[in-house]
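J.: Note that this note's numbering has the sequence shown beginning at 7, numbered continuously upward. Structure incoming, see below.
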Amino acid sequence: MQHSGLSMRAALEGIAPPREIAQVVVELPLETPLDYRIPPALRPGCRIGQRVLVPLGKRQVLGYIVGLASTSTVADLKELVEILDETPLLTPALLQLTHWIAEYYLCPWGQVLKAAVPEGFRVQTEAVYTLTAKAQDDSEAWPQGRAGEVLQCLARYGTQLQHELERLLEVQDLAPWLRRLEQQDLVLRQQQRLAPKTQPRLVTVVRLRLSSAEAETLRQQLQPRSPNQAAVLALLQEQPVWELTALRQRCPGAPAAVKRLATRAAVDVTQVEKMRAVVPSASIFASSLPTLNQAQQHALWQIETRLASAESAPVLLYGVTGSGKTEVYMRAIATALRQGKTALVLVPEIALTDQLVERFVARFASQIAVLHSGLSAGERFDEWRRLASGEARIAIGARSAVFAPLDNLGLIVVDEEHDTSYKQEETPRYHARDVAIVRAQQCRAVVVLGSATPALETFHNARSGKYLALSLPQRVEDKPLPSITVIDQRAHATPNERVISTPLYQAIAACLQRQEQCLILINRRGFASYLQCRDCGVVPQCAHCSVSLTYHRRDRTLKCHYCDASQPAPSVCVACSSPALYPFGLGTQQVEEVLRALFPTARLARMDRDTTRAKAAHQRILRTLGNGDIDILVGTQMIAKGHDYPNITLVGVVSADATLAIPDFRAPERLFQLLTQVAGRAGRGQVHGHVFLQTYRPEHYSIAFAQHHDFTGFFHDEIQRRQAMLYPPYTRLARLIIDSPDAVRAEEASRWLGAVLQRSIPHPQHATLLGPAEAPIAKIKDRHRWHMLLKATSSRALHQWLKDTLAETYQERDQLRAARISVDIDPVTFL
Ligand code: ADP
Ligand code: ZN
Ligand code: ZN
């Protein structure tokens with residue numbers, strides 16, 4: 007991407023080169039921008055960052071101008087067709103950011119732009135067909151049959167889209183005939199831009215043109231014979247401007263009456279854009295702000311100092327659950343706004359509840375724009391434009407909001423920075439927290455990473471001085487953290503007790519009696535085939551990779567999905583020699599049923615992937631919980647975060663250790679985070695909270711440290727393992743996923759690619775390859791999956807290794823035999 011790099015710099019430095027050639031990135035997996043000649047008429051209006059239509063093969067596609075130049079190395083340049091924006095949609099800052107993502111995550115720039123720009127800005131074209139002059143001149147020479155029918159159709163109805171022709175002739179696929187007719191020069195194929203699916207929403211506005219005296223006179227004249235017009239006039243006397251729909255609500259005959267009034271020149275009728283309302287109007291307005299405690303004050307002061315100096319090293323705000331982090335964010339945002347800057351707040355998708363948005367709206371009202379996946383295309387389109395125009399100055403959103411079009415950005419907050427939902431699991435596989443850090447660096451903004459359980463990498467950076475570390479060690483108003491009891495499941499044998507132990511049962515009963523609420527978390531992922539000893543709780547591990555071995559029922563083997571080692575499943579526990587070694591897994595429904603049987607009168611709700619498919623279902627369940635209409639909420643990981651309800655006093659976790667069996671070197675860290683987060687939901691009100699963790703591995707360090715709310719203890723323990731096993735933050739990782747509809751091809755292609763990578767290892771001391779191995783989820787959507795892990799001591803070494811090798815493999819495509827390679831830099835899942 008050399009050209010683009012150069013012209014990017016030119017754009018940023020404000021140098022205006024002669025503009026004959028536009029370098030355009032299209033939303034397709036192409037490695038470099040394409041050059042197009044700009045027709046002279048379009049040259050004066052051509053700007054970097056504009057959307058354009060360009061010819062590509064036989065089609066016309068949407069592209070973005072990323073550079074302007076005076077020369078090109080390509081000989082026969084095609085011409086740019088149309089410029090779609092007057093003001094560029096993409097600012098130089100967004101181009102710079104997306105370009106960085108493309109380089110760092112090794113993916114095409116066009117695909118990054120596709121992820122960054124809302125659907126509503128997309129433009130599509132379709133081919134239309136017309137009779138050529140030759141065909142019109144000589145209808146005698148028309149072919150017979152289907153082709154002839156096409157020509158007759160075009161002669162009768164004029165220019166048509168392909169699918170319209172197909173409908174008229176009642177035929178499935180006309181493409182082959184149209185191609186032949188085009189070759190015979192009987193039809194002409196052209197591209198036509200389709201009307202955009204998303205457009206500004208217009209409303210009809212009625213405005214009174216008369217003085218009040220004139221209006222009153224007219225109203226009295228109209229009253230006897232035209233009561234509707236008189237009624238509308240009366241409303242306009244109350245308030246001179248109305249939306250037509252509002253008038254119609256008050257007076258059903260309003261539309262016709264308004265037309266009459268307009269012909270009398272009594273009113274003006276205009277079409278005005280009305281943005282779709284996304285941000286709820288606040289039900290509570292912040293009347294008085296809480297007085298910050300000392301830790302909050304210190305943190306705020308440090309952030310404000312950075313805001314004033316525009317120093318962009320990241321800030322870690324490590325604060326226990328309920329310590330008032332959000333309050334600190336809001337004060338810092340207020341400061342940024344006072345300085346005339348804008349702010350961006352990233353939260354995990356699941357935490358983007360009404361509750362959080364309401365708190366921000368109560369403080370900042372309509373300055374907020376919200377961006378998340380639950381919005382319709384139209385809503386997203388409008389929120390984006392409100393930010394771009396400066397009408398809204400604070401963007402709150404999930405992962406992709408990191409691309410929010412904010413100018414003069416002063417502050418970026420990444421709440422729950424450790425959350426894995428910040429990583430996009432399809433191309434471009436970017437991590438929004440890391441992109442936020444880069445964005446802050448590029449525009450000299452302050453970035454605050456907040457969490458009660460920072461990612462190990464983040465805390466490591468804070469301790470080494472790379473980030474500024476701030477902490478809120480106590481809950482607000484000195485509320486205590488909940489007490490946590492660990493229940494040893496190995497002692498509980500009856501099937502029902504294996505689901506809900508006696509101590510947890512008693513605690514739930516007491517909680518219900520006090521009319522308080524409880525959460526029951528089932529710690530599981532869909533993926534759950536592992537062996538566990540029912541006597542000592544141990545799950546067999548790979549000796550080389552420090553991840554759990556996966557149990558394959560079919561051939562009764564244990565397999566490592568990092569290094570591909572495989573062994574027959576043992577018949578007794580490796581740790582205690584007990585024969586009680588069983589495959590494990592517990593479902594949400596099973597737990598729900600047991601709870602229903604135990605507490606038949608309790609109001610029970612379940613929150614998992616099945617019950618939250620519908621739009622906003624997650625919010626609805628939490629709202630019901632907040633209203634006090636649920637006594638027991640059972641659910642998966644998604645009940646653990648993003649809410650703050652004072653009446654929740656009990657949290658129970660069944661199968662606390664289950665996710666430790668996931669073959670992922672971060673499984674212990676994830677478990678510690680999850681337990682700490684879910685415990686953090688308990689006892690936020692006046693009543694002390696209790697947490698019960700049921701587990702087969704009570705002595706596991708993740709559980710022990712979580713029990714004592716000891717994040718730093720956990721960190722020190724875990725960081726040593728990372729160092730010993732050479733995992734991040736001591737190394738950088740990339741994962742390659744190879745998949746194909748054909749199992750043999752997937753395996754052969756991976757083995758071939760693995761050998762190439764092995765041969766080209768830059769320095770064996772600084773880099774290693776793990777695998778290839780079959781991926782733990784061996785098949786997704788009928789594609790067989792293999793993967794391998796690349797480890798290197800520096801990001802630069804890793805990139806060099808990968809870039810060189812991938813360039814080589816692209817030249818030897820046939821070795822890959824149509825298998826698909828995906829590159830995942832800094833991967834967070836290994837399934
Ligand atoms: P966190 O984001 O760290 O979990 P929140 O910011 O949500 O914590 O704070 C928890 C609750 O405490 C909120 O209801 C918030 O309004 C309240 N709160 C925050 N700071 C203070 C304070 N200094 N004094 C009293 N209440 C506070
Ligand atoms: Zn055992
Ligand atoms: Zn292994």
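Glycine included, every Cβ here is placed at the ideal spot set by N, Cα and C.
What did DSSP end up calling residue 208 once you bin it into helix, strand or coil?
T.: As a working mapping, residue 208 is identified with position 202 in the sequence shown. Three-state DSSP puts residue 208 in a strand.
J.: Whole angstroms are fine: how far does the CA of residue 106 sit from the CA of residue 669?
T.: Here residue 669 refers to the residue found at position 663 when the sequence shown is read from its first residue. Here residue 106 refers to the residue found at position 100 when the sequence shown is read from its first residue. Those two C-alpha atoms are separated by around 31 angstroms.
J.: Return the CA-CA distance between residue 578 and residue 672, expressed in angstroms with no decimal places.
T.: Position 572 of the sequence shown, counted from the first residue, corresponds to residue 578. Position 666 of the sequence shown, counted from the first residue, corresponds to residue 672. Distance between the alpha carbons of residue 578 and residue 672: 27 angstroms.
J.: Under the three-state reduction of DSSP, which class applies to residue 127: helix, strand or coil?
T.: Here the question's residue 127 lines up with position 121 in the sequence shown. Note: residue 127 maps to helix in three-state DSSP.
J.: Which first and last residues belong to the alpha helix (DSSP H) in which residue 483 is found?
T.: By 1-based counting over the sequence shown, the position of residue 483 is 477. First-last for residue 483: undefined, no H or E at that position.
J.: Flag residue 545 as yes when its Cβ comes closer than 7 angstroms to any non-hydrogen atom of ligand 2, and as no otherwise.
T.: Within the sequence shown, numbered from 1, the residue matching residue 545 stands at position 539. Every heavy atom of ligand 2 is 7 angstroms or more from the Cβ of residue 545, so no.
J.: Do you know whose CA, among 749, 809, 545, 485, lies nearest residue 330's CA?
T.: Indexing the sequence shown from 1 puts residue 330 at position 324. Ranking the options by Cα distance to residue 330, first place goes to 485.
J.: I need the straight-line Cα distance from residue 204 to residue 384, nearest angstrom please.
T.: Start at 1 with the first residue of the sequence shown, and residue 204 comes out as number 198. Start at 1 with the first residue of the sequence shown, and residue 384 comes out as number 378. Taking the straight line joining both Cα atoms gives about 6 angstroms.
J.: Rounded to whole angstroms, what is the Cα-Cα separation between residue 483 and residue 602?
T.: Numbered from its first residue, the sequence shown carries residue 483 at position 477. Numbered from its first residue, the sequence shown carries residue 602 at position 596. Cα-Cα distance, rounded: 37 angstroms.
J.: I'd like the ranges of any beta strand (DSSP E) spanning at least 3 consecutive residues and lying wholly in the segment 625-688.
T.: Qualifying beta strand (DSSP E) stretches, in chain order: 638-641, 654-660.
J.: Helix, strand or coil: how does DSSP classify residue 742 here?
T.: As a working note, residue 742 is residue 736 in the sequence shown. Three-state result, residue 742: strand.
J.: Measuring from the CB of residue 329, is there a heavy atom of ligand 1 at a distance below 7 angstroms?
T.: Reading the sequence shown from its first residue, position 323 is the one you call residue 329. Residue 329: yes, Cβ under 7 angstroms from ligand 1.
J.: Does the Cβ of residue 582 have 16 or more other Cβ atoms within 10 Å, making it buried, or fewer, making it exposed?
T.: Walking along the sequence shown from the start, residue 582 turns up at place 576. Residue 582 should be labelled exposed.
J.: Just to check, is the beta-carbon of residue 550 closer than 7 angstroms to a non-hydrogen atom of ligand 3?
T.: On the sequence shown, residue 550 is found 544 positions in, with the first residue counted as 1. At least one heavy atom of ligand 3 is nearer than 7 angstroms to the Cβ of residue 550, so yes.
J.: Across which residues does DSSP place residue 315 in a beta bridge pair?
T.: Start at 1 with the first residue of the sequence shown, and residue 315 comes out as number 309. DSSP output for residue 315 lists no bridge partner at all.
J.: Run through DSSP, which three-state label would residue 805 get?
T.: One-based indexing of the sequence shown puts residue 805 at position 799. The answer is helix: DSSP assigns residue 805 an H, G or I state.
J.: For the putative contact between residue 778 and residue 570, defined by C-beta atoms under 8 angstroms, what is the C-beta separation to the nearest angstrom?
T.: In the sequence shown, the residue the question calls residue 778 occupies position 772. In the sequence shown, the residue the question calls residue 570 occupies position 564. Yes, they are in contact, since the Cβ atoms of residue 778 and residue 570 sit about 7 angstroms apart, within 8 angstroms.
J.: Look at the Cβ atom of residue 351, then the Cβ atom of residue 400, and state whether they are nearer than 8 angstroms.
T.: Taking the first residue of the sequence shown as position 1, residue 351 is located at position 345. Taking the first residue of the sequence shown as position 1, residue 400 is located at position 394. Yes.
J.: For ligand 2, is there a heavy atom less than 7 angstroms away from the beta-carbon of residue 541?
T.: Here the question's residue 541 lines up with position 535 in the sequence shown. At least one heavy atom of ligand 2 is nearer than 7 angstroms to the Cβ of residue 541, so yes.
J.: Quick one: which unbroken beta strand (DSSP E) runs of 3-plus residues sit fully inside the segment 447-526? Chain order, please.
T.: Counting whole runs of 3 or more residues, the segment 447-526 contains the beta strand (DSSP E) stretches 452-457, 474-478, 489-494.
J.: Span of the beta strand (DSSP E) holding residue 794?
T.: Locating residue 794 in the sequence shown gives position 788, where the first residue counts as 1. Element bounds for residue 794: 789-798.
J.: Going by DSSP, what residue range makes up the beta strand (DSSP E) through residue 65?
T.: For this step, residue 65 is matched to residue 59 along the sequence shown. Note, residue 65: beta strand (DSSP E), 65-75.
J.: Less than 8 angstroms between the C-beta atoms of residue 712 and residue 682, yes or no?
T.: The residue you call residue 712 lines up with position 706 of the sequence shown. The residue you call residue 682 lines up with position 676 of the sequence shown. In contact: residue 712 and residue 682 (Cβ atoms closer than 8 angstroms).
J.: Which of helix, strand or coil does DSSP assign to residue 601?
T.: Counting from 1 along the sequence shown, the entry for residue 601 is found at position 595. In this structure, residue 601 counts as helix in the three-state DSSP scheme.
J.: Could you give the distance in angstroms between the alpha-carbon of residue 532 and the alpha-carbon of residue 551?
T.: Numbered from its first residue, the sequence shown carries residue 532 at position 526. Numbered from its first residue, the sequence shown carries residue 551 at position 545. Per-residue confidence for residue 532 stands at a pLDDT of 49, beneath the threshold of 50, marking its modelled position as unreliable; the derived number appears in the next sentence. Spanning the two alpha carbons is a distance of roughly 23 angstroms.
J.: I'd like the list of long-range same chain contacts for residue 446, defined as Cβ closer than 6 angstroms, with 5 residues on each side in sequence excluded.
T.: Here residue 446 refers to the residue found at position 440 of the sequence shown. Closer than 6 angstroms at the Cβ level, and outside the excluded window around residue 446, lie 318, 418, 453.
J.: Which residues in the same chain as residue 515 place their Cβ atom closer than 8 angstroms to its Cβ, once the five residues preceding and following it in sequence are excluded?
T.: Position 509 of the sequence shown holds residue 515. Cβ within range, chain order: 605.
J.: Under the DSSP definition of a beta bridge, which residues are partnered with residue 307?
T.: If you number the sequence shown from 1, residue 307 lands on position 301. The partner list for residue 307 (beta bridge, DSSP) is empty, contrary to what the question assumes.
J.: Among 174, 792, 191, which one has its Cα closest to the Cα of residue 145?
T.: Here residue 145 is taken as the residue at index 139 of the sequence shown, counted from 1. Nearest of 174, 792, 191 to residue 145, Cα basis: 191.
J.: Where does residue 57 fall in DSSP's three states?
T.: Looking up residue 57 in the sequence shown gives position 51. Here residue 57 sits in strand by DSSP.
J.: Under 8 angstroms, with one C-beta from each stretch per pair, do the segment 733-748 and the segment 823-831 reach the 3-pair mark?
T.: Yes, since at least three Cβ pairs between the segment 733-748 and the segment 823-831 fall closer than 8 angstroms, the two stretches touch.
J.: Are residue 341 and residue 310 touching if we call contact CB-CB under 8 angstroms?
T.: For the purposes of this step, residue 341 is taken as the residue at position 335 of the sequence shown. For the purposes of this step, residue 310 is taken as the residue at position 304 of the sequence shown. Taking 8 angstroms as the Cβ cut-off, residue 341 and residue 310 qualify as a contacting pair.
J.: Compute the beta-carbon to beta-carbon distance between residue 119 and residue 31, rounded to the nearest angstrom, for a pair I have assumed lies under 8 angstroms.
T.: Within the sequence shown, residue 119 is the residue found at index 113, counting from 1. Within the sequence shown, residue 31 is the residue found at index 25, counting from 1. That belief holds up - the Cβ atoms of residue 119 and residue 31 are roughly 6 angstroms apart, short of 8 angstroms.
J.: Should residue 614 be listed as close to ligand 1, given that the test is whether its C-beta is under 7 angstroms from any heavy atom?
T.: For the purposes of this step, residue 614 is taken as residue 608 along the sequence shown, with counting starting at 1. No, ligand 1 has no heavy atom inside 7 angstroms of this Cβ.
J.: Under a Cβ-count criterion, where at least 16 other Cβ atoms within 10 Å of its own Cβ denotes burial, should residue 618 be classed as buried or exposed?
T.: Locating residue 618 in the sequence shown gives position 612, counting from the first residue. The residue is buried, with at least 16 neighbouring Cβ atoms inside 10 Å.
J.: Measuring straight from C-alpha to C-alpha, what distance separates residue 718 and residue 465?
T.: As a position in the sequence shown, residue 718 is number 712, starting the count at 1. As a position in the sequence shown, residue 465 is number 459, starting the count at 1. Each residue's alpha carbon lies about 9 angstroms from the other.
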